[in-house]
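Before any comments, here is the structure.
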Amino acid sequence: MEEEIQPGNAHAGRPKKSIVREYAEAIIIAIILALIIRTFVVQAFKIPSGSMIPTLAIGDHILVNKFLFGVKVPFTDHILFSFDDPERLDIIVFKYPEDEDKDFIKRIVGTPGDRISLRDKVLYVNDVPTVEPYIQHTDPSVLPSALHPRDGFSPITVPPDQYFVMGDNRDQSLDSRFWGFVNREKIKGKAFLIYWSWNREKTNVRWNRLGKTVH
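Quick note: the sequence shown uses the numbering used here, first residue -3, plus one each step.
Here is the structure:
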């Protein structure tokens, strides 16, 4: 026999809650759920710079999966458990090593154990040149590696629990070429979706970018 949902007066014997109290409880529950989701599951970020052009534009608003790479103890970087490890080509949000109050977003190009080098703007992973259709160069000149690491550096091996990251806008990105590796525990999550995009210069919405996956 099927059970029916009880009508609203099924608990008529109990004192009724005031409308104000019901709304207050609903708001409190919503806030708690939002905090849980933001802390452990998904967080929204806005792209403030052009270091990830053409993949991400200034004014893109993205969602980041925080659950995939590890559930952390609140207000710490200690990982309780994780479902997956960051992989090469993942686009990640992390704490900027030189100022952990700032969040950066870059693409992983080297994972633990990888041998990374850059020769005349070409990235080599384990001594094999990579094909990177997602990047752009805005400066055709090549800076000497002895003077500047932007366009070249000698082979380095990525240490355990560390990652080498670079921006897709290679000539306009402050990344691992300049300040080193990203620690596994400092990674906040993996970007996966553009949910809003605002072109500040033209003051309009980039409708063609809404709902676009990040990869």
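The beta-carbon is built from N, C-alpha and C at its ideal position, and this holds for glycine as well.
Query                                                                                           : Result
Identity of the residue in 207, 90, 116 and 28 nearest residue 140 by Cα                        : 116
Distance CB(residue 99)-CB(residue 133) smaller than 8 Å                                        : no
Burial state of residue 114, where buried means 16 or more other Cβ atoms lie within 10 Å       : buried
Span separating the alpha-carbon of residue 200 from that of residue 193                        : 9 Å
Opposing strand residues paired with residue 192 [DSSP bridges]                                 : 57
Backbone secondary structure at residue 210 - three-state DSSP                                  : coil
For residue 49, the three-state DSSP class (helix, strand or coil)                              : coil
Reduced DSSP category for residue 165 - H, G, I as helix; E, B as strand; rest coil             : strand
CA-to-CA distance, residue 30 to residue 128, given in whole angstroms                          : 37 Å
Residue from 112, 169 and 25 whose Cα sits closest to the Cα of residue 122                     : 112
Opening and closing residue of the beta strand (DSSP E) in which residue 69 lies                : Residue 69 -> no beta strand (DSSP E), and no H or E assigned at all.
Supposed close pair residue 187, residue 104 - CB separation, criterion 8 Å                     : That belief does not hold up - the Cβ atoms of residue 187 and residue 104 are roughly 11 Å apart, past 8 Å.
Bounding residues of the alpha helix (DSSP H) (the contiguous stretch that carries residue 172) : 172 to 175
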